[in-house]
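When we follow the UniProt record's numbering, the leftmost residue of the sequence shown carries the number 1, and every step to the right adds one.
By construction, the Cβ of each residue, glycine as well, lies at the ideal position given by its N, Cα and C atoms.
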Amino acid sequence: MSADRRARPAAVEVRGAVKAFGAHTVLDGIDLTVEPGTVTVIVGPSGSGKSTLLRAINHLEKLDQGCVSVNGELIGVREQGDRLKELPERAILAQRRRIGFVFQNFNLFPHLTAVENVAEAPVATGAATRTEALERARSLLAAVGLADKEGAYPRHLSGGQQQRVAIARALAQHPEVILFDEPTSALDPELVGEVLSVIKDLAGTGTTLIIVTHEIAFAREVADEVVFLDGGRIVERGAPSQVLDRPRHTRTREFLSKVL
Ligand code: ADP
Ligand code: MG
């Protein structure tokens, strides 16, 4: 590994993440390093803390302990002595723009067309003029196979099409990292493939992807690293061939026997 490469900060670094809701500890000391340009797939049973971990990465969820950095910059907080101090909301919003988030339920604006949904954030944040944003939105929609749907409202699109618009919308912000929270779980089975295929195209283009999914065959194909989460802890992590085909832990084996 060259000195240059070593000097590059991790795309995402989670250190000592702890989060409880009341008496229920949902993240129980998570350390996770994601290298730039790689694909990390997070798997684990329902309730294991996958969504909370993703939400903590873009500071939608505030940690009780620990911190998250994206490209070497602390997210949501800054260090003050040996404590962490919350950044102002405006600073957090600006940081969040660098992190795309694709939700299970698409979360498109219902009153905006596909192309307006994709162009909305760059215009709202002043990152682009309306003309520039619409032009880029059209090319992003074409890239996800929706060139003919730019004028359609979400209610006239299938779930798979809506999720592809949501991915184009995430890309419109030139994110350094994109987080996917079960992006195909809300889809009819015949629509899953078109969304996975768009995500597959994104893998290897330089954007760092962190994907929570139960699609194990997909994970095997795209992941550089698979992380198995259970009870708010990382039980094991490694290459897909190791974690998915030769898991070391009983809990991983039990989980995989249920989803495979
Ligand atoms: P996963 O995505 O792996 O299914 P989550 O991160 O959504 O798990 O949730 C982990 C646990 O935390 C669950 O038991 C869930 O009920 C609980 N939880 C998540 N968010 C909240 C919240 N805002 N308030 C209370 N409990 C929550
Ligand atoms: Mg979840």
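- Taking 7 angstroms as the cut-off, one finds at least one heavy atom of the ligand MG near enough to the beta carbon of aspartate 181.
- Its Cα nearest to that of alanine 10, the residue Val68 stands out among Lys19, Ile30, Val68.
- Just so you know, the alpha carbons of lysine 200 and leucine 27 end up roughly 28 angstroms apart.
- The C-beta distance from alanine 133 to valine 123 rounds to 5 angstroms, short enough to fall under 8 angstroms.
- Counting only residues of its own chain and dropping the five nearest sequence neighbours on each side, serine 185 has a CB closer than 6 angstroms to the CB of Gln104.
- The Cβ-Cβ distance between phenylalanine 180 and valine 118 does not fall below 8 angstroms.
- Burial check for glycine 49: the Cβ neighbour count within 10 Å reaches 16 or more, so the residue is buried.
- Between alanine 219 and proline 240, the beta carbon gap of about 6 angstroms places them in contact (Cβ cut-off 8 angstroms).
- Per DSSP, glutamine 163 is one residue of the alpha helix (DSSP H) stretching across 159-171.
- Judged by DSSP in its simplified three-state form, lysine 62 adopts coil rather than helix or strand.
- In this structure arginine 164 touches valine 144 by the C-beta definition: roughly 4 angstroms separates them, less than 8 angstroms.
- Fully contained in the segment 173-252 are the following beta strand (DSSP E) runs of length 3 or more, in chain order: 177-181, 208-212, 225-230, 233-238.
- Within a 10 Å sphere around the beta-carbon of glutamine 162 sit 16 or more other beta-carbons, which makes this residue buried.
- For serine 51, the CB falls within less than 7 angstroms of some heavy atom of the ligand MG.
- For the pair glutamate 89 and aspartate 245, the Cα-to-Cα distance works out to about 43 angstroms.
- Using a cutoff of 7 angstroms, the CB of glycine 44 counts as near the ligand ADP, since one of the ligand's heavy atoms is closer than that.
- Separation of leucine 171 and aspartate 230 (C-alpha to C-alpha, rounded to the nearest whole angstrom) is 30 angstroms.
- Counting along the chain, no beta strand (DSSP E) covers leucine 54; the unbroken alpha helix (DSSP H) around it starts and ends at 50-57.
- Per DSSP, reduced to three states, the secondary structure at leucine 108 is coil, with no helix or strand assignment.
- Annotation for arginine 138: the continuous alpha helix (DSSP H) segment containing it runs 130-143.
- DSSP links glutamine 80 through a beta bridge to Arg83.
- From the listed residues Arg55, Arg96, Ile210, Leu53, the smallest Cα separation to glutamate 73 is found for Arg96.
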